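Residue numbers (our numbering): 3 to 500.
From the three backbone atoms N, C-alpha and C, an ideal C-beta is built for every residue, glycine too.
Here the structure is a predicted model, which is why all the values come from computation and not from measurement.
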Amino acid sequence: MKQYEIYRIILGDDLVHFSDEKSTDFRSAKELLELKPVPGIVIIDGLKGTKTAEELDVLWELVELRGSVEFCYAPIYISHTMHYVDLLVDGVTNHIEERFKEAFAILERGGRTSSDKLADNHNLRLLTYMYARGEEYLLSPICSPFSAWVYSYPEMSLILASASKTSKICKPEDLMGLDSLRSFKLDTEIVMAIKTVVFLEENGYIARATLIDRIRKCPKCKTGHLNYVDLCPNCGSIDFQKKLMIHCFVCGHVAPDSDFKKNMAFVCPKCSSILRHLGSDYDHPLESNECNNCGSKFIEPDIKADCLYCRTRTNPSNLIAANIYSYKLTEKGSAAARTGSMQMELQLFDGQNNINFKFFCNIVEWMREYRKRYPDQVFTLLGIKFSDLYEVEKSLGDELYQKTMDELISRIRSMIRTTDITTSSAPDTFWILMPKTSLENSKVQVERIDLLNNMIDPNSENKIRIIPKCFEIPTTEDDISAEKYLELFSEELDLDMN
Ligand SMILES: [Zn+2]
Ligand SMILES: [Zn+2]
Ligand SMILES: [Zn+2]
């Protein structure tokens with residue numbers, strides 16, 4: 003079995019960690035990172051963590067470590083149990099040998115990933131972190147009662163905490179000035195972690211595993227610290243009282259019983275009738291609340307959810323119900339961790355002429371046969387590949403990216419004729435089958451698509467590139483399948499991209 007380095011970070015004098023194995027000692031994560039170490043096991047020792055300040059010390063060491071390429075997925079242990087920190091590390095141990103099996107497994111799997119791609123891609127870091135912990139690993143939400151977001155993904159928050167200065171996808175300024183909530187540690191990162199989870203799920207890198215809980219959120223600011231208040235249904239005041247009410251049968255007047263009391267008898271303040279018998283002269287109506295503000299009487303107060311953060315009052319039925327899940331890595335997420343590349347899904351074509359890839363190949367086969375019999379029945383395949391979508395999405399931001407893509411997609415769609423058939427062979431690779439079109443004639447289309455590259459802002463450092471190219475299936479070699487040809491053509495598109 004491969005041996006891995008053991009790094010011990012000593013933050014104080016309460017050393018409890020013991021090991022027969024050789025470990026290298028450091029005074030801080032910074033000191034360790036300056037050595038540009040190879041990935042290994044880290045144990046943080048020396049602090050009991052009984053004071054919050056000590057827990058914070060450990061936390062910031064973790065931020066340093068998780069922020070580095072070397073230790074973003076590495077197994078990290080602490081030697082004393084600590085309330086907040088326990089959730090953020092792989093375990094608590096004072097005898098690292100006991101953890102070798104799992105720690106080595108993490109390092110071994112982590113070693114299979116593309117760690118050179120991790121430097122500035124924090125989504126990929128998270129996927130790598132999950133991948134290194136094996137198929138069974140679940141990214142679990144933790145209830146954080148002091149955070150207005152109620153649930154968070156602390157491991158992800160930690161990875162993002164290290165990244166918040168440079169992260170492009172989740173900008174802290176997206177948070178609608180919620181910085182005042184920072185009184186809770188890592189609050190900005192908690193929001194970013196939630197956004198990242200949503201992003202990774204929407205793009206198929208992680209999938210829901212278990213439904214853990216359901217919370218209600220303010221529809222305006224999306225936080226979950228709500229106070230349910232009861233109000234006067236007439237004027238909205240919270241100042242009302244439960245009172246015993248009397249309903250005078252003579253004139254119909256309804257008022258609190260104190261208004262009727264007069265020298266030991268009940269006298270209606272409106273019609274002055276003396277009310278003697280409950281049931282025949284008067285009764286107690288259902289309206290038993292009286293508003294001290296507007297005087298109206300009512301049976302049930304209105305219930306509103308008062309957001310403790312933005313103070314918006316919402317009908318409980320209009321609150322946003324949010325399901326809180328744990329997540330597992332998908333095939334796509336695992337592939338991203340291994341290859342170090344994240345791909346964006348793109349829906350270039352739709353409609354009834356857009357068919358699945360296998361079926362598309364069958365049609366190409368059929369057209370090839372047809373052309374054999376009628377040599378003037380030429381057809382051309384136009385391939386379109388998009389490059390760097392993921393990077394561009396990151397640098398442009400959601401909104402601008404979507405706008406640019408919508409524009410590009412609509413331009414390309416407008417070039418499709420009703421007799422053309424389309425498909426896609428990969429998330430970023432698309433094909434148009436153009437019947438009755440020679441290779442020569444299809445070049446106009448290629449040029450028109452190529453021109454779209456000029457439409458995209460050439461000054462931005464990351465830009466989408468569209469690579470169009472047309473292909474003809476040779477009339478001679480019959481033994482190569484259409485699918486194989488498309489694979490070869492696709493490789494040619496890749497070559498053109500570089
Ligand atoms: Zn009122
Ligand atoms: Zn009366
Ligand atoms: Zn709110």
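Can you give the Cα-Cα distance for residue i and residue j, rounded to whole angstroms?
i: L495; j: E449; result: 15 Å
i: H110; j: H85; result: The residue you asked about is not His; residue 110 is Glu in the sequence shown. Near 29 Å, if we compare the C-alpha coordinates of H85 and E110.
i: F106; j: L331; result: 20 Å
i: Y6; j: I43; result: 7 Å
i: L310; j: T225; result: 9 Å
i: D176; j: R101; result: Because the pLDDT at D176 is just 37, under 50, the model does not fix this residue reliably, and the point stays unresolved.
i: T478; j: R370; result: 10 Å
i: L162; j: E104; result: 24 Å
i: D181; j: S154; result: Bear in mind that the predicted position of D181 carries a pLDDT of just 36, short of 50, making it unreliable; the figure below should be weighed with that in mind. D181 and S154: Cα-Cα distance of roughly 17 Å.
i: S483; j: N500; result: 27 Å
i: V211; j: I78; result: The displayed chain sequence assigns Ala, not Val, to residue 211. About 25 Å.
i: D352; j: R375; result: 32 Å
i: C223; j: F268; result: 52 Å
i: F73; j: S397; result: 25 Å
i: F148; j: F491; result: 56 Å
i: D430; j: E395; result: 13 Å
i: L402; j: D408; result: 10 Å
Quick one: is the Cβ of residue i within less than 6 Å of any heavy atom of ligand 2?
i: K272; result: yes
i: H255; result: yes
i: V252; result: yes
i: S260; result: no
i: S146; result: no
i: S282; result: no
i: S239; result: no
i: S275; result: yes
Compute the minimum distance between the beta carbon of residue i and the heavy atoms of ligand 3, and state whether it is under 6 Å.
i: K24; result: no
i: T314; result: yes
i: K306; result: no
i: C220; result: yes
i: Y230; result: no
i: Y327; result: no
i: Y79; result: no
i: C234; result: no
Can you name the start and end residues of the beta strand (DSSP E) that residue i belongs to?
i: F432; result: T431 to P437
i: N229; result: L228 to L233
i: L213; result: I208 to K219
Closer than 6 Å to a non-hydrogen atom of ligand 1 - does that hold for the CB of residue i?
i: N291; result: no
i: C74; result: no
i: N295; result: yes
i: E412; result: First, the amino acid is wrong: residue 412 is Ser here, not Glu. Outside the cutoff, so no.
i: S298; result: yes
Residue i lies in the alpha helix (DSSP H); which residues open and close that run?
i: H255; result: First-last for H255: undefined, no H or E at that position.
i: E479; result: No alpha helix (DSSP H) holds E479; DSSP gives it neither H nor E.
i: N364; result: F359 to R375
i: Y403; result: D400 to S416
i: V18; result: First-last for V18: undefined, no H or E at that position.
i: T130; result: H124 to A134
i: R419; result: That residue, R419, is in no alpha helix (DSSP H); it is neither H nor E in DSSP.
i: I451; result: L441 to M457
i: Y487; result: A484 to M499
i: A55; result: T54 to R68
Who does residue i pair with in a DSSP beta bridge?
i: F28; result: I11
i: Y392; result: Partner(s): none; Y392 has no beta bridge.
i: P470; result: I386
i: S426; result: F432
i: Q349; result: DSSP output for Q349 lists no bridge partner at all.
i: K244; result: N291
i: V44; result: Y9 and I78
i: C145; result: Y153
i: F381; result: P437
i: L356; result: Just to set this straight, residue 356 is Asn in the shown sequence, not Leu. T424.
*For the segment 267 to 347, list the beta strand (DSSP E) runs that are entirely contained and at least 3 residues long, ordered along the chain.*
267 to 269, 291 to 293, 304 to 309 and 322 to 331
_Please give me, in chain order, every unbroken run of the alpha helix (DSSP H) with length at least 4 that falls completely inside the segment 89 to 115._
102 to 113
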